[in-house]
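Numbering (my numbering), first residue to last: 23 to 219.
Using N, Cα and C, we set each Cβ at its ideal position, and we do this for glycine too.
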């Protein structure tokens, strides 16, 4: 059979949405729950479709260096496109591998490519700006794979939480964590000292 996806059309917004969470149920013990169209016409399933609304994330950026991440999935993931409304205030963006989005002469050169959800970025701003990202909300429980080195990590939840709680699953392997203001979460003796909050 052929694979399928479920989509909806919001006529008022002139926007198409793909169901991000599709559950095929088998309430009577004889329903079809496969990922492709079945052969013949006799099989059926009960389906639950969840279409997420478009949301906006606003990130206030001050002059100087700071870490940024996003918890919204825009339609276009190209980093330069995502930052288009603030590029006049950006000096550069750097990822954990030291790849850069920067301006050389009159042209922007994007050595990073797409904005990876599971990465944070270091951005240097020439002036204050507010970055607005529009898209579907991301799963705050998305797994973030870490390696044994320095790296910029994202913060995906929409509400603040204590740094010790947020990093609780990696504390046994964590040397330290630092925020944009150089506040640290670090271990002194047997105790974690949290100056991030």
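Considering only their Cβ atoms, is the gap separating residue j from residue i smaller than 8 Å?
i	j	result
residue 134	residue 115	yes
residue 108	residue 139	no
residue 127	residue 85	no
residue 130	residue 122	no
residue 81	residue 112	no
residue 207	residue 197	no
residue 118	residue 173	yes
residue 132	residue 88	no
residue 71	residue 120	no
residue 151	residue 99	no
Starting from residue i, trace the alpha helix (DSSP H) both ways and give me its first and last residue.
i	result
residue 187	185-188
What residue does the beta strand (DSSP E) around residue i start on, and which one ends it?
i	result
residue 37	37-40
residue 165	First-last for residue 165: undefined, no H or E at that position.
residue 103	It is not in any beta strand (DSSP E) - residue 103 instead sits in the alpha helix (DSSP H) that spans 101-104.
residue 156	151-159
residue 121	Run containing residue 121: none; DSSP gives neither H nor E here.
residue 208	206-210
Taking the alpha-carbon positions, what's the residue i to residue j distance?
i	j	result
residue 110	residue 37	29 Å
residue 215	residue 184	12 Å
residue 137	residue 39	21 Å
residue 78	residue 156	4 Å
residue 210	residue 194	14 Å
residue 28	residue 75	15 Å
residue 191	residue 203	24 Å
residue 32	residue 180	25 Å
Measure from the C-beta of residue i to each C-beta in chain D and report whether the shortest distance is under 8 Å.
i	result
residue 162	You won't find chain D in this structure, because it holds only one protein chain.
So residue i and residue j are in contact, right, with Cβ under 8 Å, and what is the actual spacing, rounded?
i	j	result
residue 175	residue 142	5 Å
residue 213	residue 205	In fact, because the Cβ distance is near 17 Å, the residues do not count as touching under 8 Å.
Nearer than 7 Å: is that true of the beta carbon of residue i relative to any heavy atom of the ligand ZN?
i	result
residue 78	Ligands are entirely absent from the displayed structure, and the ligand ZN is therefore not among its contents.
Contact the region 84-96 vs the region 157-177: 3+ CB pairs below 8 Å: yes
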